[in-house]
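*Asks:* So for the sequence shown, my numbering puts the first residue at 666; every next one is plus one.
Every residue, glycine too, gets a C-beta built ideally from N, C-alpha and C.
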Amino acid sequence: MDNTKEKILNVATRIFSRFGFYKTSMDEIARTAHKAKGSLYYHFASKEELFTEVVAHELNNLKKELAMVVTDPELNAKEKIKKYLLTRMSVLYKATNYHETLKADFFEHFEFVDHLRSELDHWEKEQLKNIIKQGVESGFFADQSEKMDVLLDVFIMVLKGLEIPFFLQNKYDELSPHFDDLINILIKGMAA
């Protein structure tokens, strides 16, 4: 990525995080980045496209962090599920522009980021499936092959259901000491 585009993305990330999508203007991003407005439109056709790229960077960071958990040879499947969920919550807690997409679901849907969220769902299902298969092979988890798709859908629903209280209702700090208990409930449901 060239320096101008990277600078625009960094500035946009900060401004969107602070003021939200609707209160952020391309003029403000250009002014803060010390770039001509035309430079923004050279790299991004619209504010929606720029915001989508900002959210994509947050989600790519999430995927990178989660992939390290999934491929960690030192962790067994139970440890991976636990670390996966803790890492997911921790990384998304800092992804304030992703939070903006959650808020939008209540007021005005950001259709222009739907593909990012669908792609994340698909990616996460594959990662979780790999962990569950490892757990079945090592005897930690019961064989889930007959109902794997349903199990993965439920897992994603639970994870997404937690995003609202954690990130939008500001209960992350209040609930984070209880993450272990929540994770243990999920893991016990899969135990062999």
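Label R683 either buried or exposed according to how many other C-beta atoms from any shown protein chain fall within 10 Å of its C-beta, with 16 as the threshold for buried.
*Replies:* Your numbering for residue 683 matches position 18 in the sequence shown. Its Cβ having fewer than 16 others within 10 Å, R683 is exposed.
*Asks:* Can you tell me whether R696 is buried or exposed? The criterion is at least 16 other CB atoms within 10 Å of its CB, across all chains shown.
*Replies:* Against the sequence shown, residue 696 aligns to sequence position 31. Exposed, by the Cβ-count rule.
*Asks:* With C-beta atoms as the reference, is E765 less than 8 Å away from F681?
*Replies:* In the sequence shown, counting from the first residue as 1, residue 765 sits at position 100. In the sequence shown, counting from the first residue as 1, residue 681 sits at position 16. Closer than 8 Å, so yes.
*Asks:* Provide the residue span of the alpha helix (DSSP H) that contains H843, from first to last.
*Replies:* Here residue 843 is taken as the residue at index 178 of the sequence shown, counted from 1. No alpha helix (DSSP H) holds H843; DSSP gives it neither H nor E.
*Asks:* Would you call the region 803 to 823 in contact with the region 752 to 763, where contact means no fewer than 3 C-beta pairs closer than 8 Å?
*Replies:* They do not touch, by the three-pair rule.
*Asks:* Could you give the distance in angstroms between the alpha-carbon of L727 and the alpha-carbon of D845?
*Replies:* Residue numbering aside, residue 727 sits at position 62 when the sequence shown is read from its first letter. Residue numbering aside, residue 845 sits at position 180 when the sequence shown is read from its first letter. Cα to Cα, L727 sits roughly 20 Å from D845.
*Asks:* When you compare only the Cα positions, how much space is there between L781 and E718?
*Replies:* Position 116 of the sequence shown, counting from 1, holds the residue named residue 781. Position 53 of the sequence shown, counting from 1, holds the residue named residue 718. Rounded to the nearest angstrom, the two C-alpha atoms are 10 Å apart.
*Asks:* Using 7 Å as the cut-off, classify the Cβ of I746 as near or not near the heavy atoms of the ligand GDP, replying yes or no.
*Replies:* The ligand GDP is not part of the structure shown, which contains no ligands of any sort.
*Asks:* Thinking C-alpha only, which one of S711, K759, E723 and E789 is nearest V735?
*Replies:* Position 70 of the sequence shown holds residue 735. The shortest Cα separation from V735 among S711, K759, E723 and E789 belongs to E789.
*Asks:* Are there 16 or more other CB atoms within 10 angstroms of the CB of A856, so buried, or fewer, so exposed?
*Replies:* Along the sequence shown, read from residue 1 onward, the residue named residue 856 stands at position 191. Exposed, since its Cβ has fewer than 16 Cβ neighbours within 10 Å.
*Asks:* Which same chain residues, not among the five before or five after E637, have their C-beta less than 6 Å away from its C-beta?
*Replies:* Any property of residue 637 remains undetermined from this structure, which presents the chain solely from 666 to 857.
*Asks:* Quick check on A856: does DSSP put it in helix, strand or coil?
*Replies:* In the sequence shown, the residue the question calls residue 856 occupies position 191. Here A856 sits in strand by DSSP.
*Asks:* Would I673 pass as a contact of A698 if the rule is Cβ separation under 8 Å?
*Replies:* Position 8 of the sequence shown, counting from 1, holds the residue named residue 673. Position 33 of the sequence shown, counting from 1, holds the residue named residue 698. Contact: yes.
*Asks:* G703: buried (16+ other C-beta within 10 angstroms of its C-beta) or exposed?
*Replies:* Mapped onto the sequence shown, residue 703 falls at position 38. That one is exposed.
*Asks:* Tell me whether F709 sits in a helix, a strand or coil according to DSSP, three-state version.
*Replies:* For this step, residue 709 is matched to residue 44 along the sequence shown. Coil.
*Asks:* Is the beta carbon of F820 less than 8 Å from the beta carbon of L793?
*Replies:* In the sequence shown, residue 820 corresponds to position 155, counting from 1. In the sequence shown, residue 793 corresponds to position 128, counting from 1. Cβ distance < 8 Å, so F820 and L793 count as in contact.
*Asks:* When you compare each of N675, D692, N835 and L851 to F805 by their alpha carbons, which one comes out closest?
*Replies:* On the sequence shown, residue 805 is found 140 positions in, with the first residue counted as 1. Out of N675, D692, N835 and L851, L851 has the C-alpha closest to the C-alpha of F805.
*Asks:* When the Cα of G800 is compared with those of L847, G854 and D786, which residue comes out closest?
*Replies:* Within the sequence shown, numbered from 1, the residue matching residue 800 stands at position 135. Of L847, G854 and D786, the residue nearest in Cα terms is G854.
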